[in-house]
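Top line first, the protein sequences correspond to chains V and A.
For the record, in the first sequence the residue sitting at position 148 is 148 according to this note's numbering, with numbers rising by one throughout.
For the record, in the second sequence the residue sitting at position 225 is 1225 according to this note's numbering, with numbers rising by one throughout.
Each residue gets a CB set at the ideal place from its N, CA and C atoms; glycine is no exception.
Presented below is the structure to which this report refers.
There are 2 protein chains.
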Amino acid sequence: MAYTRTFGQIPGHPEGSTYRTREELRMAGLHAHNQAGISGTPRDGADAIVLNGGYPDDHDEGDLIIYTGQGGQNGRKEQIADQRYEKGNAGLVLSQYEGFPVRVIRGHEEESLHAPLTGYRYDGLYRVVRHWFKKRADGYRVLQFRMVKIGSMYDIQDLGDLESDEYSDSSTTGPVSRIESVVARLARKASVVRNIKDWYENRCQICREAIQLPTGPASQVAHIQGLGVPHNGPDHESNALCLCPNDHLRFDYGAIYLTDDLKVVEAATGTVMCHLYVDRRHAIGLDYVRQHRSYWSQE
Amino acid sequence: MAYTRTFGQIPGHPEGSTYRTREELRMAGLHAHNQAGISGTPRDGADAIVLNGGYPDDHDEGDLIIYTGQGGQNGRKEQIADQRYEKGNAGLVLSQYEGFPVRVIRGHEEESLHAPLTGYRYDGLYRVVRHWFKKRADGYRVLQFRMVKIGSMYDIQDLGDLESDEYSDSSTTGPVSRIESVVARLARKASVVRNIKDWYENRCQICREAIQLPTGPASQVAHIQGLGVPHNGPDHESNALCLCPNDHLRFDYGAIYLTDDLKVVEAATGTVMCHLYVDRRHAIGLDYVRQHRSYWSQE
């Protein structure tokens, strides 16, 4: 039977439903394939993933998942090549871009507290909030995705440009509830946003344009090194840039990166496009610039 | 006591907490003012609103609120002037732009099933997802905001570019659950997005630029007339544009609008900037163009 790709919840298959086999999942319309982890294509986007222990770089905290893309492994699940933007990988990037919900299915082979003991379990809808290339210790590059459960606290923190630190931070400051922790972070974030926008008067540090809205000039504050697991970049001016939405998109999706002397490089060609404009009050952290570049540069 | 503006939940004041007076709300740190509906400034953003029956244009469906901005009324709550981007109004626009959560407080004077019988009740965190000017029957322009409760079904539908029709639509198609309704809409939306992007190869209909990402060219599909309450624009190609993120932002925030012959006008000056590029397969609905223009043009 052909698989009909549907985004979101599938009627008759509520969260928590269990399945004995991949074929049952496929027949239920939950996931297109019997082997591949990602149900999706570059043109359609991805509608579902299976977490089943196939990649050691995965990281499952329940409502927050770091998911590794597909490809580059041999039959013994050893990495023998770089992963690329293709098939399901490109599908998950499109789902991030369009905000499509992705069904998460966990299998019993996943080594995680969240895995079912047998078979497979549908665990609800997640959003892809970021992706990047990780260079593994063996030198191969794998694609990774930060996914948060829709409606969870991670989702609330990741709304818009608001992103979370790792929750375990809060253990260092005593018994602080998740909600209180969110409040503290939002307050801190607002001051960084205001400083960056003030310094540049909302002009993009790359194209020098400020978007003129009826309410005044507008820009976006981008983080150089991502906040939250696994990058844990700080929510500080030294890790932030003032960008227009177009250049913010290019920066976050790896179309451009920065050199140590803050030139803007087009990733596809390695060409220097321009100098980043930097206000004298703005001390940009080179460590963050280097980590961002490591995700996207082929070097 | 001075008010400290905090975004998000306030420790010790969970959702559902009740207060006898506006002063109690202020002392609790929930809302800055004893009179004004919006707690916020153009520079800080807005952290809270009170719904208390002050504006007949408000519309409260619980998890979905159409909220009217402040200003332009006399002491007898009669509209005597246009509302403008100022004070709390500009604060709510900034909260939309930055994705700040806004506390919603309902008062007993609100004429709604959702209002408390006495005093005031804190009803949780909402996101501002859109704003526009409404021209009332008496000729005055008021600012309105679509707000959805974070984590609610409306919020899930409003994720990214995905926006909802009115739920009551589903009553015309028989007993369809909310979840099923979401699935159907997402599926429909994906086809509109794909067609629009195909026709324009992701080039912006205004600036003609396609954002080049490592995964390929990218664009955003904008709706001309907003989906969902209260505009109820259709999720159809005739109500959609292919735009770059910068021009999408300008279009949604009313910096530009279209004439009947599809010229692009800068709202601040009334100057024609360029012609909208239109593919021959793309029949744009003039009704939608006119409604969008009615929100933003001063005519």
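Ranked by Cα distance from Val102 (chain V), the options V:Arg22, V:Thr6 and V:Ser219 are led by V:Thr6. Straight-line measurement puts the Cα of Asp1155 (chain A) at about 14 Å from the Cα of Phe1145 (chain A). For Cys1244 (chain A), the chain V residues whose C-beta falls within less than 7 Å of its own C-beta are Asn246, listed in chain order. C-alpha of Asp1138 (chain A) to C-alpha of Ala1218 (chain A): approximately 43 Å in a straight line. Excluding its 5 nearest sequence neighbours in each direction, Gly254 (chain V) has C-beta neighbours in its own chain below 8 Å: Trp132, Phe133, Ala267, Tyr295 and Trp296, listed in chain order.
Under the three-state reduction of DSSP, Arg1293 (chain A) is assigned to helix.
Distance from the CA of Glu111 (chain V) to the CA of Ile1284 (chain A), rounded to the nearest whole angstrom, comes to 52 Å.
About 7 Å separates the beta carbon of Ile224 (chain V) from that of Ala240 (chain V), a gap short enough to meet the 8 Å contact definition. The residue among A:Gly1119, A:Leu1117, A:Val1272 and A:Asp1047 with its C-alpha nearest the C-alpha of Lys1087 (chain A) is A:Asp1047. Interface residue (Cβ-Cβ distance to chain A less than 8 Å): Tyr200 (chain V) is not classified as such. For Pro217 (chain V), no chain A residue has a C-beta closer than 8 Å to its own C-beta; the minimum C-beta separation is roughly 10 Å.
Boundaries of the beta strand (DSSP E) around Pro1217 (chain A): Gly1216 to Ala1218. The Cβ-Cβ distance between Ala210 (chain V) and Asn202 (chain V) falls below 8 Å. Contact between Arg250 (chain V) and Gly119 (chain V) does not hold, since their C-beta atoms are separated by about 42 Å, which reaches or exceeds 8 Å. Counting only runs of 3 or more residues that sit fully inside the region 209-268 of chain V, the beta strand (DSSP E) segments are 211-213, 216-218, 220-223, 240-243, 256-258 and 263-266, in chain order. A residue is called buried once 16 or more other Cβ atoms fall within 10 Å of its Cβ, and Met27 (chain V), having fewer, is exposed. For Ile211 (chain V), the C-beta contacts it makes with chain A under 8 Å involve Asn1246, Leu1249, Arg1250 and Ala1255, in order along the chain.
Under the Cβ criterion of 8 Å, Gly151 (chain V) is counted among the residues facing chain A. Partner residues in the beta bridge of Thr1041 (chain A), as assigned by DSSP, are A:Gly1045. If you check the CB distance, Leu276 (chain V) and Val265 (chain V) do not come in under 8 Å.
Taking a Cβ-Cβ cut-off of 7 Å, the neighbours of Val193 (chain V) in chain A comprise Glu1098, given in sequence order. By the rule that beta-carbons nearer than 8 Å mark a contact, Val1128 (chain A) does not touch chain V. For Gln1144 (chain A), the enclosing beta strand (DSSP E) starts and ends at Arg1141 to Lys1149. The straight-line gap separating the alpha-carbon atoms of Gly1099 (chain A) and Val1148 (chain A) is approximately 12 Å.
Taking C-beta separations shorter than 7 Å and ignoring five residues to either side along the sequence, the partners of Leu286 (chain V) in its chain run Asp260, following chain order.
Scanning its chain for C-beta atoms nearer than 7 Å, with the 5 sequence neighbours on each side dropped, one finds around His13 (chain V) the residues Ala28, Leu30 and Tyr122, in chain order. Per the DSSP secondary-structure output, Thr68 (chain V) pairs in a beta bridge with V:Gln144.
Leu1125 (chain A): member of the beta strand (DSSP E) spanning Tyr1120 to Lys1135, first to last residue. Per DSSP, reduced to three states, the secondary structure at Val1104 (chain A) is strand. Residue environment for Val272 (chain V): exposed (fewer than 16 other C-beta atoms within 10 angstroms of its C-beta). In the structure shown, Ile1010 (chain A) falls within a strand segment according to DSSP collapsed to helix, strand and coil. If you compare the alpha carbons of V:Ser238, V:His248, V:Leu243 and V:Glu299 with that of Tyr288 (chain V), the shortest gap goes to V:Ser238. Against Val93 (chain V), the close residues of chain A are Thr1215, in the order they occur along the chain (beta-carbon pairs closer than 7 Å). By the criterion of a C-beta distance shorter than 7 Å, Gly1124 (chain A) is surrounded in its chain by Glu1015, Val1104 and Lys1149, once the five residues flanking it on both sides are discounted. The beta carbon of Ala36 (chain V) is closer than 7 Å to those of Gln70 and Gly88 in its chain, skipping five residues each way along the sequence. Within 9 Å of the CB of Tyr1295 (chain A), no CB atom of chain V is found; the nearest one sits about 11 Å away.
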